[in-house]
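S.K.: Reminder that position 69 of the sequence shown reads as 68 in numbering that gives the first Met the number 0, one-by-one numbering, no gaps. No residue lacks a Cβ here, since even glycine has one placed at the ideal position from N, Cα and C. These figures come from a predicted structure and were not determined experimentally.
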Amino acid sequence: MVKKSQKNNSLYDAYRDRLMFPIIDIRKNIIGFGGRTLVDARAKYINSPESLIYYKSNNIYGVNNLQNAARKNKIILVEGYMDVISLSNYGIDYCVASLGTSLTNEQAKLISRYSKNIYICYDGDNAGIKAAERAMEIFSEINIDPYTVRIPDGLDPDDYVKKYGKESFDNLLENALNPILYKYGNLVNSYDLKDIDQKVEFLEKITVILS
0 MVKKSQKNNS LYDAYRDRLM FPIIDIRKNI IGFGGRTLVD ARAKYINSPE
50 SLIYYKSNNI YGVNNLQNAA RKNKIILVEG YMDVISLSNY GIDYCVASLG
100 TSLTNEQAKL ISRYSKNIYI CYDGDNAGIK AAERAMEIFS EINIDPYTVR
150 IPDGLDPDDY VKKYGKESFD NLLENALNPI LYKYGNLVNS YDLKDIDQKV
200 EFLEKITVIL S
């Protein structure tokens, strides 16, 4: 949490004016930090650099929830720290987040040790949709077909549960889609099927998915 200045070797607070999120491993050790700015800083988040004890591709945020996931036989994968915290505050205490921009194979294997019943619940914007499809492919490599939760209006899980409450979020889980239906929906929304050229391209892509 402290860095040394290159100018005069003095020490300074690397996370000043930030809300801190400790990153904990499965042995309950703090191995790193994420810091979200509380002011108008250029970088919204600053994270610990990788080190001998912290390798983000092998760890996830919210490991305290893994035991709950094992008991309930389901786990929700979200994108950010605040998603994990907000959902947990509403009693949905079986969610974790990947560290970094995308899920890794090592993280998928770690999650699957606690439950094979996995729900991907990324942000509802275009970036979240693409990230969800990448995560589906990674889980597929370890023979898991996760469900995917569609969050309307481009919201993230944090905003959605605060706006609509736990019952509405539970309804989203109940209507989660398997990989084929999720990809099909994304394709349908990407093309104007009244246009013959777009319809042909759509049919070519959906054939690949179905095959």
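Once you ignore the five residues that flank Phe138 on each side, which residues in its own chain have a CB closer than 6 Å to its CB?
M.R.: On the sequence shown, residue 138 is found 139 positions in, with the first residue counted as 1. Once the five neighbours on either side are set aside, the close Cβ partners of Phe138 are Ala107 and Pro145.
S.K.: How many whole angstroms separate the CB atoms of Asp155 and Asp82, which I take to be in contact at a CB cut-off of 8 Å?
M.R.: Within the sequence shown, the letter at position 156 stands for residue 155. Within the sequence shown, the letter at position 83 stands for residue 82. Contact between Asp155 and Asp82 is confirmed by a C-beta separation of about 6 Å, below the 8 Å threshold.
S.K.: Per DSSP, which one or two residues make a beta bridge with Ala96?
M.R.: Within the sequence shown, residue 96 is the residue found at index 97, counting from 1. Paired residues: Tyr60 and Val77.
S.K.: Please state whether DSSP places Ile141 in a helix, a strand or coil.
M.R.: Taking the sequence shown and counting its residues from 1, one reaches residue 141 at position 142. DSSP places Ile141 in coil when its eight states are reduced to three.
S.K.: Can you list, in chain order, the residues of its chain whose CB lies under 6 Å from that of Asp191, leaving out five sequence neighbours each side?
M.R.: Indexing the sequence shown from 1 puts residue 191 at position 192. Cβ neighbours of Asp191 beyond the five flanking positions: Gln197.
S.K.: Kindly indicate which three-state DSSP category Ile52 falls into: helix, strand or coil?
M.R.: Taking the sequence shown and counting its residues from 1, the one referred to as residue 52 is at position 53. Reduced to three states, the DSSP call for Ile52 is coil.
S.K.: Thinking just about the alpha-carbon of each residue, which of Leu171, Arg112, Glu203 and Leu172 is nearest to the one in Leu186?
M.R.: Taking the sequence shown and counting its residues from 1, the one referred to as residue 186 is at position 187. Closest option to Leu186, Cα to Cα, is Glu203.
S.K.: Grouping DSSP H, G and I as helix and E and B as strand, with all else coil, what is Gly127?
M.R.: Indexing the sequence shown from 1 puts residue 127 at position 128. Correct three-state label for Gly127: helix.
S.K.: Which term fits Glu49, buried or exposed, when burial requires 16 or more other beta carbons within 10 angstroms of its beta carbon?
M.R.: On the sequence shown, residue 49 is found 50 positions in, with the first residue counted as 1. Exposed, by the Cβ-count rule.
S.K.: Going by beta carbon distance, what residues of the same chain come within less than 8 Å of Pro178, once the five residues before and after it are set aside?
M.R.: Position 179 of the sequence shown holds residue 178. Taken in chain order, the residues that qualify are Met135, Ser139, Asp144, Pro145 and Thr147.
S.K.: Since Leu98 contacts Asn67 with CB under 8 Å, what's their CB separation in whole angstroms?
M.R.: By 1-based counting over the sequence shown, the position of residue 98 is 99. By 1-based counting over the sequence shown, the position of residue 67 is 68. Not confirmed; about 19 Å, so no contact.
S.K.: Taking CB distances under 8 Å as the criterion, tell me whether Ser139 reaches chain D.
M.R.: Of the protein chains in the structure, only one exists, and it is not chain D.
S.K.: Do you know how far the Cα of Ala175 is from the Cα of Arg26?
M.R.: Within the sequence shown, residue 26 is the residue found at index 27, counting from 1. Within the sequence shown, residue 175 is the residue found at index 176, counting from 1. Between Arg26 and Ala175, the C-alpha separation is close to 32 Å.
S.K.: Mind checking whether Ile150 and Tyr159 have CB atoms under 8 Å apart?
M.R.: As a working mapping, residue 150 is identified with position 151 in the sequence shown. As a working mapping, residue 159 is identified with position 160 in the sequence shown. Closer than 8 Å, so yes.
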